Amino acid sequence: MHKSVLRALRMPAQIRRRLGLIAATKWHRATLAQVGAGSRFQPGVRFDDPSSVTIGAGCYIWRGVEVSAETGRAGLRIGDGVQINRDVHLDTTGGLVIGDNTLISEGAVIYTHDHGLDPWSVPQPMVKTIGAGVWIGMRAVILPQCRRIGDGAVIGAGAVVTRDVPAGAVVAGNPARIIGQRARVAE
Amino acid sequence: MHKSVLRALRMPAQIRRRLGLIAATKWHRATLAQVGAGSRFQPGVRFDDPSSVTIGAGCYIWRGVEVSAETGRAGLRIGDGVQINRDVHLDTTGGLVIGDNTLISEGAVIYTHDHGLDPWSVPQPMVKTIGAGVWIGMRAVILPQCRRIGDGAVIGAGAVVTRDVPAGAVVAGNPARIIGQRARVAE
Amino acid sequence: MHKSVLRALRMPAQIRRRLGLIAATKWHRATLAQVGAGSRFQPGVRFDDPSSVTIGAGCYIWRGVEVSAETGRAGLRIGDGVQINRDVHLDTTGGLVIGDNTLISEGAVIYTHDHGLDPWSVPQPMVKTIGAGVWIGMRAVILPQCRRIGDGAVIGAGAVVTRDVPAGAVVAGNPARIIGQRARVAE
Chain H
51 MHKSVLRALR MPAQIRRRLG LIAATKWHRA TLAQVGAGSR FQPGVRFDDP
101 SSVTIGAGCY IWRGVEVSAE TGRAGLRIGD GVQINRDVHL DTTGGLVIGD
151 NTLISEGAVI YTHDHGLDPW SVPQPMVKTI GAGVWIGMRA VILPQCRRIG
201 DGAVIGAGAV VTRDVPAGAV VAGNPARIIG QRARVAE
Chain S
51 MHKSVLRALR MPAQIRRRLG LIAATKWHRA TLAQVGAGSR FQPGVRFDDP
101 SSVTIGAGCY IWRGVEVSAE TGRAGLRIGD GVQINRDVHL DTTGGLVIGD
151 NTLISEGAVI YTHDHGLDPW SVPQPMVKTI GAGVWIGMRA VILPQCRRIG
201 DGAVIGAGAV VTRDVPAGAV VAGNPARIIG QRARVAE
Chain P
51 MHKSVLRALR MPAQIRRRLG LIAATKWHRA TLAQVGAGSR FQPGVRFDDP
101 SSVTIGAGCY IWRGVEVSAE TGRAGLRIGD GVQINRDVHL DTTGGLVIGD
151 NTLISEGAVI YTHDHGLDPW SVPQPMVKTI GAGVWIGMRA VILPQCRRIG
201 DGAVIGAGAV VTRDVPAGAV VAGNPARIIG QRARVAE
């Protein structure tokens, strides 16, 4: 095929993407418990239990994000100005709260239930609170034993977080350890 | 759209999920070499070479699981009561055996072939045996040089396993090191 | 259904896979800025900005590979004989150059832009050059602060690379550290 023909064929792909964003946003706005003004969703976002999810204003949710729960409907509560990047998996079995202006980078995974050592056991819910202005790096793994991440904390790319993270702490590694303290950015 | 209309539209999604489970289970039961009683598959599971796969009774395979082989058909043999969680990738080029009641958590990847340092070389098959009652954590990476994981071992989330793991050992980190010994759970 | 019937039904799947490879290769060859002789693409490869991508001869790109850019079109330049395995994500916001005969293994992610600590800021492009004969292991994370990976370097599976890697170095871990030096393989 002639290149110019193919380039013309590609144009609609950009329009399709724009339309996909509009359609997905409309859908989630209609099915989630609550979505604030200006929040947008790319196509390919999946909520297992949409009626247990509330999202604030000005958020942006990328494609491939999945929100699932093993049992019940403890749910997910997201503040304003939150970004959740592509292919993030949020387990909301135990309940998950995410503060304003927090960013979760590509491919991170956050768990809120545990099975001890018996995978066939009833999942034990473990609520988790992530503060405001937190940055969770690419591919980070946040285990259920981490119950709280304080405001302004930074979680390094690929970190495996096994315990609570204090406000403003910078953690990294596997298992994650505190490697620094973030200067106060804003009050 | 009115919310109640949309909620009604969502109902069939749950039924569709149930039907998807039944249909996928029927399909894999018909195409795999052997599947034991009560084993179930979510939709979106992929076997490159289904006739080289045998699965025991009472297993549960989540969506996004992929079983692939670079060459030949060394195959996969899974015992009873095994859970393989979402987005796990099993490479069966060298042959892979998984014991009863073992759990492989979300996003783990297990390799059974190596290329030395020439990616275009013929893959060198390296058979791997994973024991019974093993727990492999989320996003763990099990390299081909790990040939055996003993019964009851626990592999931490995000661990990168480069060598054999003794029975009952708890390993974690990158590279994975032994950090504990599991108390005898059951004989 | 009778097993022989189902086995017959599966035959076309292999043919479909072959046809998929041919069709995807034709498509990318027509839309990318340049593709060398003999390079092939599996179906399910995605380029956000195909006209900024040039690929040499004899390359092989697996399904699930995504090439994206946050802004502009700094682009991607790949040499000859490069393999990019399944589910790799290349961010080309800052510009990415990959040398001949380099291999990027399954699920690796490579970033070329940074946001400092404000996720809503304009992305800061950071060009990255990966040499020839480099091996990037499974699930490795290459952060934007790593600007150069020298010829013949080896990046271990699951490594989180935060700085430059000298030619021939073997690095591993989280964060990645030099653990060895590769013997000269070829000149």
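Chains as they are written, first to last, in our numbering: chain H, 51 to 237; chain S, 51 to 237; chain P, 51 to 237.
Ideal Cβ placement from N, Cα and C applies to all residues, glycine included.
Source: prediction; values computed, not measured.
Collapsing the DSSP output to three states places L153 (chain S) in a strand.
Residue pairing by DSSP places D141 (chain S) opposite S:S118 in a beta bridge. Under the three-pair Cβ rule at 8 Å, the region 84-95 of chain H counts as touching the region 110-128 of chain H.
As the crow flies, the alpha-carbon of A80 (chain P) is around 12 Å from that of I72 (chain P). Setting aside the 5 residues that flank it on each side, P225 (chain H) is surrounded in the same chain by V210, T212, each with a C-beta closer than 7 Å to its C-beta; the list follows chain order.
Considering only H:D137, H:V132, H:R198, H:R127, the residue with the shortest C-alpha distance to G88 (chain H) is H:V132.
Here the C-alpha atom of P169 (chain P) lies approximately 45 Å from the C-alpha atom of A233 (chain S). At a cut-off of 8 Å between C-beta atoms, N135 (chain S) does not count as an interface residue with respect to chain P. Partner residues in the beta bridge of V215 (chain S), as assigned by DSSP, are S:I199. Here the region 159-179 of chain S does not lie against the region 168-184 of chain H, with fewer than 3 beta-carbon pairs under 8 Å apart. Below 8 Å, enough C-beta pairs join the region 137-145 of chain H and the region 115-127 of chain H to call them touching: three or more.
The CB of L193 (chain H) comes closer than 7 Å to the CB of A207 in chain S, given here in chain order.
The beta carbon of P173 (chain H) does not come within 8 Å of any beta carbon belonging to chain S, so the residue lies off that interface. When only Cα atoms are considered, D99 (chain P) and G86 (chain P) end up about 18 Å apart. Taking the Cα of T121 (chain P) as reference, the smallest distance to any Cα among P:Q195, P:T143, P:A182 is reached at P:T143. Inclusion of I186 (chain H) and L153 (chain H) in the CB contact set at 8 Å is warranted, their separation being smaller than that value. One Cα belongs to S101 (chain H), the other to H78 (chain S), and the distance between them is close to 33 Å.
Nearest in C-alpha terms to G183 (chain S), of all of S:I128, S:R189, S:I65, is S:I128. Within chain H, the residues whose beta carbon sits less than 7 Å from that of M188 (chain S) are V159, V191, listed in sequence order.
The residues G181, V184, W185, V215, P216, A217, G218, A219, V220, V221, R232, in chain order, have a CB closer than 8 Å to that of A203 (chain S) in the same chain once the five nearest residues on each side in sequence are set aside. Proximity of chain P to P93 (chain S) at the Cβ level (cut-off 8 Å) is not reached, the minimal Cβ distance being about 16 Å. W185 (chain S) has a beta carbon lying within less than 8 Å of a beta carbon in chain H. Cβ contact annotation for A107 (chain S) (same chain, cutoff 7 Å, sequence separation greater than five): G86, A87, G88, S89, D130, in chain order. Under a criterion of Cβ atoms nearer than 7 Å, no residue of chain H is adjacent to L146 (chain P); the nearest Cβ is some 16 Å distant.
If you compare the alpha carbons of H:R66, H:R197, H:G208, H:A83 with that of V147 (chain H), the shortest gap goes to H:R197. The alpha carbon of E156 (chain H) has as its nearest neighbour, out of P:D201, P:T104, P:I205, P:V191, the alpha carbon of P:V191.
Nearest neighbour of G145 (chain P) by Cα position, chosen from P:K76, P:N151, P:T162, turns out to be P:T162.
Between T104 (chain P) and A83 (chain P) the beta-carbon gap is near 5 Å, inside 8 Å, which marks them as a contact. Against chain H, the CB of L140 (chain P) has no partner CB under 8 Å away; the residue lies outside that interface.
Straight-line measurement puts the Cα of G125 (chain S) at about 18 Å from the Cα of Q64 (chain P).
For I228 (chain P), same chain residues with a beta-carbon under 6 Å away, outside a window of 5 residues either side, are A219, V221 in chain order.
As the crow flies, the alpha-carbon of T179 (chain P) is around 20 Å from that of G208 (chain P).
For R227 (chain S), the uninterrupted beta strand (DSSP E) run begins and ends at 227-231, by DSSP. With a beta-carbon spacing of about 31 Å, G166 (chain P) and D201 (chain P) fall beyond the 8 Å limit used to define contacts. Counting along the chain, L146 (chain P) sits inside the beta strand (DSSP E) bounded by residues 146-148.
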